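A quick write-up on the structure given underneath.
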Amino acid sequence: MLTPKEIISTLQMVREENLDLRTVTVGINLTDCVSDDIETFKRKIYDKITRTAGQLVATCNRIERRYGIEVANKRISVSPIGVVGAPFNAAQMVEIALTLDKAAIELGVDFVGGFSALVEKGMSHGDQALIEAIPQALTESQRVCSSVNVASTRAGLNMDAIKRMGVVIKQAAAMTADDDGLAAAKLVVFANIPQDVPFMAGAYLGIGEADAVVSVGVSGPGVVKAALERAMAEEDNMDLSRAADVIKQTAARLTRAGELVGREVAEILGLPFGIVDLSLAPTPNENDSVGEIFEAIGLPAIGAPGSTAFLAMLNDAVKKGGAFASSHVGGLSGAFIPVCEDLTIARSAAEGTLALEKLEAMTAVCSVGLDMIALPGDTSAEMLSAIIADEMAIGVINKKTTAARLIPAPGKQAGDHVVFGGLLGEGPVMAVNMGSQENRFVRLGGRIPAPIQSLVN
Amino acid sequence: MNKVLISVLGSDQPGIMAKVASIINQHNGNIENLSQTLLDNVFGALLMANLAEDDSSEKLEQSLQDQTRGMNLYIRVHPWQAEPSDWHQNKPETQPYIVTAIGPDRQGLVAEIAGELFKHGVNISNIQAIFKGGKNPMDNLMVFEVDVPRAVVMNDLRDALDAIAARLELEINVQHRRIFESVSNILN
Chain A
637 MLTPKEIIST LQMVREENLD LRTVTVGINL TDCVSDDIET FKRKIYDKIT RTAGQLVATC
697 NRIERRYGIE VANKRISVSP IGVVGAPFNA AQMVEIALTL DKAAIELGVD FVGGFSALVE
757 KGMSHGDQAL IEAIPQALTE SQRVCSSVNV ASTRAGLNMD AIKRMGVVIK QAAAMTADDD
817 GLAAAKLVVF ANIPQDVPFM AGAYLGIGEA DAVVSVGVSG PGVVKAALER AMAEEDNMDL
877 SRAADVIKQT AARLTRAGEL VGREVAEILG LPFGIVDLSL APTPNENDSV GEIFEAIGLP
937 AIGAPGSTAF LAMLNDAVKK GGAFASSHVG GLSGAFIPVC EDLTIARSAA EGTLALEKLE
997 AMTAVCSVGL DMIALPGDTS AEMLSAIIAD EMAIGVINKK TTAARLIPAP GKQAGDHVVF
1057 GGLLGEGPVM AVNMGSQENR FVRLGGRIPA PIQSLVN
Chain B
228 MNKVLISVLG SDQPGIMAKV ASIINQHNGN IENLSQTLLD NVFGALLMAN LAEDDSSEKL
288 EQSLQDQTRG MNLYIRVHPW QAEPSDWHQN KPETQPYIVT AIGPDRQGLV AEIAGELFKH
348 GVNISNIQAI FKGGKNPMDN LMVFEVDVPR AVVMNDLRDA LDAIAARLEL EINVQHRRIF
408 ESVSNILN
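Here the protein sequences line up with chains A and B, keeping their order. Residue 809 in our numbering sits at position 173 of the first sequence, and the numbers go up by one each step. Residue 297 in our numbering sits at position 70 of the second sequence, and the numbers go up by one each step.
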């Protein structure tokens, strides 16, 4: 027999607090599709993707009804195309992106990730072709996402790649100027990218992964906010130790729900289950915002002094809760602070409480990085590269994942409003108060060496 | 074997179980299983006991009633030799679901939902009401824990319950029990 408390708390999470499975992502290994003939390669990847994930959407719909939990997105991630498509040139890479897009549309999935390159130490022919193809690929496709790993704690920062990515982001934004630079919102630059992220735009299937694997991305900032608010209202001896406990327990519960659904989908599809990625990933809706958690704990707004301390605690408590609840937690697992995807964060940025500099500081303790940040359209490629380099350095030195998803919105000034639509949301164009647009440091290129692993202070 | 079923109902107070158990003991009876519950302030218990061969349900009932006079209890003792019901003898393979009806209490709510469940061959294993009134939907809740035979088409059952929900202005959810268990029991 279930207790009323067990029944009510579960119902509340699902009905009122926006617990959703943000994504069920099927990772598909494409290494067995390799060919130096573009038509053969396209046919093989299309066939493998549609065959492996043919039942994904129908299965998720079934499970959704069984448990009364929404699976918001169904997604595919594939082996990095820079690796499996290494023989091809940039124009052919665009064709590959469009093939991935066609497969995604055929399956009815929301996104396909893995139009990716891993270049933290150097760029191969395939990586260069892929990176060159990114602007056109993301402009002409609808559902393809792209990621480029340009740095790691073991390899340091590939500044040549970072320099290149500034240019690529500018081009991608320029080619989608009518949509405020939408293509750049589907492109993310990483340091220490995990091999098993189910979240976009960074999802790809690592080379060390199985032939196909089902992973789940669970969200639920609204659930954490509600749990904190309840505890703050009802408990006399509330302090931050207790708040950390509340977050941890809530994270554990969310993770359990995710693992249950993920394992069941995997079983029905006949694929191994991979990981649960419990990340507080907001959507641009009320009660589904990470920023609201900051207000619930008593901060005036996200970005106010105290925000970095609380974010550190939040991120850590989410990881602890997740790791306790499931032995297979992976991906990014923590708290995201994407500006345009989060109503409250976007508001703080618009009101000036949250500046780019504070955001950068906060990314040192969140689970990703500078995410979904619209910048003035005249931000130079070099300036973008410099911002990326700073963000990557934070990840490399702190042995954590960091990422940058920057959108220089064509024709827009600081303070203007941009709209990307759907989960990508909308928000203000943030000011870049960083002096000259020219940057000789970035122009030097080369590599920033990997950091020493001793003398830790 | 001289099995009896004993039901005890009355206003809750200390000593009900002590008294009933000690009288069964006086009759050299052994309590084999029992369950008690509280509904508001009303006590209810069901006991299964094995009596001595020369004893009878009538004699035990008489003793229980005589010796608990003043406690205002309703006590009945029934001889129990019945075979398990058809359902239990030929139990189909089932899946455990939780049906929750959210909305203010109203006449016919249980009858309608239970009737529909019965129509689909669903067995109710537990039912509880959480009605505290007020506007919070979680304070106006009826919970049915049910076993649904595998042969039942879930969409048909859901559609039928949705029709009741629309008529009675309720929200009815049908969710597999596992989601409640996995979210609630983080220590398993």
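Cβ atoms here follow ideal geometry from the backbone N, Cα and C, with glycine treated the same way. From a predicted model like this one, the values you see are computed outputs, not experimental measurements.
Query: Look at Ala-787/A and Met-1028/A and say whether their C-beta atoms are less than 7 Å apart.; Result: yes
Query: Going by the beta-carbon positions, is the gap between Ile-329/B and Leu-273/B smaller than 7 Å?; Result: no
Query: Cβ closer than 9 Å: which chain B residues qualify as neighbours of Glu-642/A?; Result: Phe-407, Glu-408, Val-410, Ser-411 and Asn-412
Query: Flag this pair as touching only if the stretch 753–769 of chain A and the stretch 793–804 of chain A have three or more C-beta atom pairs under 8 Å; answer yes or no.; Result: yes
Query: For the beta strand (DSSP E) that contains Tyr-301/B, what are its first and last residues?; Result: 300–306
Query: In chain A, which residues lie with their C-beta within 7 Å of the C-beta of His-315/B?; Result: Ordered by position in chain A, no residue passes the 7 Å Cβ test against His-315/B, which lies about 19 Å from the chain.
Query: For a contact meaning CB atoms closer than 9 Å, what does Asn-353/B contact in chain A?; Result: Met-637 and Leu-638
Query: What does Arg-702/A touch in chain B if you count any residue whose Cβ is under 7 Å from its own?; Result: His-403
Query: Quick one: what's got a C-beta closer than 7 Å to Ala-902/A's C-beta in the same chain, skipping five residues either side?; Result: Val-850, Pro-908 and Phe-909
Query: Smallest Cα separation from Glu-1074/A: which of Leu-1020/A, Gly-663/A and Val-784/A?; Result: Leu-1020/A
Query: Given a threshold of 16 other Cβ atoms within 10 Å of its Cβ, counted over all protein chains shown, does Gln-807/A qualify as buried or as exposed?; Result: buried
Query: Given this structure, state the Cα-to-Cα distance separating Val-362/B from Pro-331/B, to the nearest angstrom.; Result: As written in the sequence, residue 362/B is Lys, which differs from the Val given in the question. C-alpha separation (whole angstroms): 9 Å.
Query: On the three-pair Cβ rule with 8 Å, is the stretch 1052–1072 of chain A touching the stretch 859–867 of chain A?; Result: no
Query: Which residue wins for smallest C-alpha separation from Asn-697/A, given the options Val-745/A, Leu-864/A, Leu-876/A and Asp-668/A?; Result: Val-745/A
Query: Can you have a look at Glu-259/B and say buried or exposed, based on whether 16 or more other CB atoms are within 10 angstroms of its CB?; Result: exposed
Query: Hey, would you say Glu-706/A sits closer than 7 Å to Asp-763/A, going by beta carbons?; Result: no
Query: Check the Cβ of Ile-904/A against every Cβ in chain B and list those closer than 7 Å, keeping chain order.; Result: The contacting residues do not exist; Ile-904/A stays about 14 Å from chain B at best.
Query: Does DSSP put Lys-318/B in a helix, in a strand, or in coil?; Result: coil
Query: Could you round the C-beta distance between Val-825/A and Val-784/A to whole angstroms and report it? I think they count as a contact, below 8 Å.; Result: 5 Å
Query: Consider the Cβ of Arg-889/A: report whether some Cβ of chain B lies at a distance smaller than 7 Å.; Result: yes
Query: Give the secondary structure of Lys-738/A by DSSP, where H, G and I count as helix, E and B as strand, and everything else as coil.; Result: helix
Query: In whole angstroms, what is the alpha-carbon distance linking Glu-280/B and Met-228/B?; Result: 7 Å
Query: What residues are listed by DSSP as bridge partners for Ile-251/B?; Result: According to DSSP, Ile-251/B bridges with nothing at all.
Query: Are at least three pairs of beta-carbons, each pair with one atom in the stretch 287–294 of chain B and one in the stretch 240–251 of chain B, less than 8 Å apart?; Result: yes
Query: Do three or more CB pairs link the stretch 1000–1007 of chain A to the stretch 1047–1063 of chain A at distances below 8 Å?; Result: no
Query: Could you give the residue range of the beta strand (DSSP E) that holds Glu-588/A?; Result: One cannot answer for residue 588/A here, as it falls past the ends of chain A, which runs 637 to 1093.
Query: So if DSSP puts Ala-272/B in a beta bridge, which residue, or which two residues, is it bridged to?; Result: Val-235/B and Gln-263/B
Query: Using DSSP with H/G/I as helix, E/B as strand and the rest coil, what is Cys-696/A?; Result: helix
Query: Please say whether Gly-749/A and Met-1144/A have beta carbons closer to each other than 7 Å?; Result: For chain A, the structure presents residues 637 to 1093; residue 1144/A sits outside this window and is missing.
Query: May I ask you to list, following chain order, the residues of the stretch 263–282 of chain B that have a beta carbon less than 9 Å from some beta carbon of chain A?; Result: none
Query: Does Ile-883/A pass the burial test, meaning 16 or more other C-beta atoms within 10 Å, or should it be called exposed?; Result: buried
Query: Of all the beta strand (DSSP E) runs that stay within the bounds of the stretch 805–839 of chain A, which reach a length of 3 or more residues?; Result: 823–827
Query: For a cutoff of 7 Å on Cβ pairs, would you count Thr-695/A as touching chain B?; Result: no
Query: What separation, rounded to the nearest whole angstrom, lies between the Cα atoms of Ala-810/A and Asp-832/A?; Result: 31 Å
Query: What whole-angstrom Cβ distance do Leu-1006/A and Ser-969/A have, given they're in contact under 8 Å?; Result: With 8 Å as the limit, Leu-1006/A and Ser-969/A do not qualify as a contact, their Cβ atoms being about 19 Å apart.
Query: Let me see if you follow: with CB-CB separation under 7 Å, is Thr-646/A close to chain B or not?; Result: yes
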